[in-house]
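Top to bottom, those sequences are chains L and W. Residue numbering for the first sequence is 1 to 189, as defined by this note's numbering. Residue numbering for the second sequence is 1001 to 1306, as defined by this note's numbering. Glycine included, every Cβ here is placed at the ideal spot set by N, Cα and C.
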Amino acid sequence: MQDQTNQVTDEQIVREALHKKEAFAELVHRYQEKLGRYVRRLGVFRDEDVEDVLQNVFLKVYRNIQEFDQSLRFSSWIYRIAHNETMSFFRARQIRPEGYVIDESEEKLEELQSGLNVEHDVDRRLNAERLRAALSKLDQKYRDILVLRYFEEREYAEISDILKLPVGTVATQINRAKKRLQVIFSESS
Amino acid sequence: MSNDTPLFSPHKPGDDLADKVLSRIEEEHVVPRSRWYFWVKDRALWVLLVGCLVIGAASAAAMLFVFANAGWEYRALTHDGWASFLLETAPIVWISICIGVVVAVIENIRHTKTGYRYSFSLLLGFGILATLVGGVFFYLSGFGKRVEEDIGPRLHLIRRPVTERQQSMWMNPAKGLLAGEVVSVADNAATFRLRTFDGQEWTIDGQYLNDRSRDVLARFPLVRVIGIPMNPTEQTGATFRSCFVFPWQTIEGLPMQRPPQAVRIFFARVAVPLETNGEGARTTACEGVRPYAFLKHLQSELRYEE
Chain L
1 MQDQTNQVTD
11 EQIVREALHK
21 KEAFAELVHR
31 YQEKLGRYVR
41 RLGVFRDEDV
51 EDVLQNVFLK
61 VYRNIQEFDQ
71 SLRFSSWIYR
81 IAHNETMSFF
91 RARQIRPEGY
101 VIDESEEKLE
111 ELQSGLNVEH
121 DVDRRLNAER
131 LRAALSKLDQ
141 KYRDILVLRY
151 FEEREYAEIS
161 DILKLPVGTV
171 ATQINRAKKR
181 LQVIFSESS
Chain W
1001 MSNDTPLFSP
1011 HKPGDDLADK
1021 VLSRIEEEHV
1031 VPRSRWYFWV
1041 KDRALWVLLV
1051 GCLVIGAASA
1061 AAMLFVFANA
1071 GWEYRALTHD
1081 GWASFLLETA
1091 PIVWISICIG
1101 VVVAVIENIR
1111 HTKTGYRYSF
1121 SLLLGFGILA
1131 TLVGGVFFYL
1141 SGFGKRVEED
1151 IGPRLHLIRR
1161 PVTERQQSMW
1171 MNPAKGLLAG
1181 EVVSVADNAA
1191 TFRLRTFDGQ
1201 EWTIDGQYLN
1211 DRSRDVLARF
1221 PLVRVIGIPM
1231 NPTEQTGATF
1241 RSCFVFPWQT
1251 IEGLPMQRPP
1261 QAVRIFFARV
1271 AVPLETNGEG
1281 ARTTACEGVR
1291 PYAFLKHLQS
1301 ELRYEE
């Protein structure tokens, strides 16, 4: 059954969930961990807040499930909702992201760092620390887009669908984000 | 996989988040919105988009009508310079509405299902092009005049339509400008009577008019007269000496002159020739009329349709 579950597409589950509420639980299972990580990366720190946001995300998904169509990947659609709900969370609490939980592996951070034109420290851990600090100082819109590109490993077209931006704008913003990060990273040394 | 086989494992209670979500769905009576809701929402956006484009096109048509009838060829007579001319004639309200519509169109398209994929420059280009193309179509259908003269004042968008403003610019005998309806023309146009747009009647001395001006008097019911105010003469009682007569026409479609001619006239307006002596025979009777050389040039260039 587990093998069968893995073969079932999100779209099939969506169709099933329209008739059986319980089937919706499968979508929650599939996405709760990924979306939880994503919401934390956007700057929601406390576990209870992450859970609140996730509950709102899934309720919104359920309420608007008939809006989803095949022109979009389901994962892009649910990530879009998660992004918007997180921003609503910040607005409602009138808070900026609480620092930044960058719990990324050094490998992922190195991948980001390799895209920057900066001097690398010999010590990988030190590099990772500096990069985490630099990321936390970056403007939210730049950080969000780098999160999607480097930590969520989304393609430009998917980021376009998640953030509802033209692909050209996504590319421009990623470049700008990297340049800005470069500056902050260099200044921190 | 048969139809009876469940697609996946049934949900086991104890999975906190899924339990909480399902409980909230029950407690808060959350139900999926119907397909119709999203269908109507999508269609409403498109209807709004079309509505915006129609308003934009109507404003663009009115804008074109105002540009066509702003009196460019007579600018040197009615205004001291370009700044005062543009300030008085520019269709600020229609231009502002067109800009507002383009912004609304961009936002509208961005909110459609896939509209966010288009770049800002593409949406801007589309908004401007659609508004102008629609505007040209409406203008050529005569709708531009209707919007400027009937709808604009009724909606309090403009106080005076361009035709009214033109009329008041030409009610300026001190500046040598009159316009109105030709009531009667004496033999050989030695004199003619003109009922100006403000209702006054003038006896006008026409003896210094050339053949082109006399032709206009004979053919057109509404005219503009350029000349010099004078003391009433004993013989005719004329109080205004005419030096040039042009038709008074509202342009509702394409320029009446052939396009190359219209372009030549347009550029001639931009650089009004300086007054020089001996530029054609000028009687001393019309000596005060300026810019004389330009008016002669204009008269020779214009071709009129009735």
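For this session: With DSSP collapsed to three states, give me the class of Pro1221(W).
Result: Note: Pro1221(W) maps to coil in three-state DSSP.
For this session: Please check if any C-beta of chain W sits within less than 9 Å of the C-beta of Leu148(L).
Result: No - not a single Cβ of chain W is within 9 Å of the one on Leu148(L).
Exercise. By the 10 Å Cβ neighbour count, where 16 or more other Cβ atoms means buried, how is Gln1166(W) classified, buried or exposed?
Worked result: Buried: at least 16 other Cβ atoms inside 10 Å.
Problem set entry | Gln173(L) at chain W interface by Cβ criterion, 9 Å | Output row for Gln173(L): interface = no.
Problem set entry | Identity of the residue in His1079(W), Glu1107(W), Val1102(W) and Met1063(W) nearest Pro1091(W) by Cα | It is Met1063(W).
Exercise. So, is Val1245(W) buried or exposed, given that buried needs 16 or more other C-beta atoms within 10 angstroms?
Worked result: A residue is called buried when at least 16 other Cβ atoms come within 10 angstroms of its Cβ; Val1245(W) meets this threshold and is buried.
For this session: Verify whether the separation of the beta carbon atoms of Ala1060(W) and Val1136(W) is less than 9 Å.
Result: For Ala1060(W) and Val1136(W), yes; Cβs fall inside 9 Å.
Problem set entry | Simplified DSSP state of Pro1247(W), which is helix, strand or coil | Residue state, collapsed to three classes: strand.
Exercise. Should the stretch 1123 to 1143 of chain W be called in touch with the stretch 1063 to 1081 of chain W, which here means at least 3 C-beta pairs below 8 Å?
Worked result: The answer is yes - the stretch 1063 to 1081 of chain W touches the stretch 1123 to 1143 of chain W, with three or more Cβ pairs under 8 Å.
For this session: Would you mind sorting Pro166(L) into buried or exposed? The rule is 16 or more other CB atoms within 10 Å of its CB.
Result: With 16 or more other CB atoms across the displayed protein chains lying within 10 angstroms of its CB, Pro166(L) is buried.
Exercise. At a Cβ threshold of 9 Å, is Ile78(L) touching chain W?
Worked result: So no, Ile78(L) is outside the interface.
Exercise. What whole-angstrom Cβ distance do Ile1128(W) and Val1103(W) have, given they're in contact under 8 Å?
Worked result: No, Ile1128(W) and Val1103(W) are not in contact; Cβ-Cβ is about 11 Å, not under 8 Å.
For this session: Determine the closest residue to Val1225(W) out of Val1216(W), Thr1131(W), Ser1242(W) and Pro1232(W), with distance taken between C-alpha atoms.
Result: Checked all of Val1216(W), Thr1131(W), Ser1242(W) and Pro1232(W); the closest Cα to Val1225(W) is Ser1242(W).
For this session: Report the three-state DSSP secondary structure of Gly1144(W) (helix, strand or coil).
Result: Gly1144(W) falls in the helix class under three-state DSSP.
For this session: Could you say which of Lys164(L), Glu187(L) and Gly115(L) lies nearest to Lys137(L) if we only look at CA atoms?
Result: With distances taken between Cα atoms, Lys137(L) lies closest to Glu187(L).
Exercise. At a Cβ threshold of 9 Å, is Thr1114(W) touching chain L?
Worked result: For Thr1114(W), at least one C-beta of chain L is nearer than 9 Å to its own C-beta.
Exercise. Buried or exposed: where does Asp1211(W) fall if 16 or more other Cβ atoms within 10 Å of its Cβ makes it buried?
Worked result: Exposed, since its Cβ has fewer than 16 Cβ neighbours within 10 Å.
Exercise. Based on the DSSP output, what are the partners of Pro1229(W) in its beta bridges?
Worked result: Under DSSP, Pro1229(W) shares a beta bridge with Phe1240(W).
Exercise. Which residues in the same chain have their Cβ closer than 7 Å to the Cβ of Val57(L), if we skip the five residues on either side of it in sequence?
Worked result: Close CB contacts of Val57(L) within its chain, under the 7 Å cut and outside five residues either way in sequence, are with Leu35, Ile81, Ala82 and Glu85 (chain order).
Problem set entry | Under the three-state DSSP convention, the category Asn64(L) falls into | Looking at Asn64(L) - three-state DSSP - the assignment turns out to be coil, as it is neither helix nor strand.
Exercise. Does the beta-carbon of Gly1180(W) have 16 or more other beta-carbons within 10 angstroms, so that it is buried, or is it exposed?
Worked result: Gly1180(W) is buried by the Cβ-count criterion.
Exercise. Curious, which full-length beta strand (DSSP E) runs of at least 3 residues does the stretch 1082 to 1142 of chain W contain?
Worked result: Complete beta strand (DSSP E) runs here, min 3: none at all.
For this session: Mind checking who Ser75(L) pairs with in its DSSP beta bridge?
Result: According to DSSP, Ser75(L) bridges with nothing at all.
Exercise. Of the choices Val14(L), Lys179(L) and Thr9(L), whose alpha-carbon is the least far from that of Leu135(L)?
Worked result: Taking only the C-alpha atoms, the option nearest Leu135(L) is Lys179(L).
Problem set entry | For Glu1181(W), three-class secondary structure by DSSP | Glu1181(W) carries a strand assignment under DSSP once its states are collapsed to helix, strand and coil.
Problem set entry | Spatial distance of Gly43(L) from Arg1024(W) (CA atoms) | If I take the Cα positions, the gap works out to 25 Å.
For this session: Determine the contact status of Ile184(L) and Arg149(L), defining contact as a CB-CB distance below 9 Å.
Result: No, these two residues do not count as a Cβ contact at 9 Å.
Problem set entry | Selection from Glu107(L), Leu112(L) and Arg37(L) that minimises the alpha carbon distance to Glu51(L) | It is Arg37(L) whose Cα lies nearest to the Cα of Glu51(L).
Problem set entry | Run of the alpha helix (DSSP H) containing Glu187(L), from where it starts to where it stops | Looking at the DSSP string, the run of the alpha helix (DSSP H) that includes Glu187(L) is Val167 to Ser188.
Exercise. Any idea if Tyr1292(W) is buried or exposed, counting beta-carbon neighbours within 10 angstroms, 16 or more meaning buried?
Worked result: The residue in question, Tyr1292(W), is buried, as its Cβ has 16 or more Cβ neighbours within 10 Å.
For this session: Taking Val170(L) and Arg41(L) to be in contact with their CB atoms under 8 Å, please state how far apart those CB atoms are, rounded to whole angstroms.
Result: Not quite, the Cβ-Cβ distance comes to about 17 Å (not below 8 Å), so this is no contact.
Exercise. Since Val1182(W) contacts Pro1232(W) with CB under 8 Å, what's their CB separation in whole angstroms?
Worked result: Not really, about 20 Å apart at Cβ, beyond 8 Å.
For this session: State yes or no: is the beta carbon of Ile65(L) nearer than 9 Å to at least one beta carbon in chain W?
Result: Judged by the 9 Å Cβ criterion, Ile65(L) is in contact with chain W.
For this session: Could you name the residues of the same chain whose beta carbon sits closer than 8 Å to that of Leu116(L), not counting the 5 residues immediately before and after it, in chain order?
Result: Around Leu116(L): Lys178, Leu181, Gln182 and Phe185.
Exercise. For Val1050(W), does the count of other Cβ atoms within 10 angstroms reach 16, so buried, or fall short, so exposed?
Worked result: Exposed, by the Cβ-count rule.
For this session: Determine, using beta carbons only, whether Lys141(L) comes closer than 9 Å to chain W.
Result: With 9 Å as the cut-off, Lys141(L) does not count as an interface residue toward chain W.
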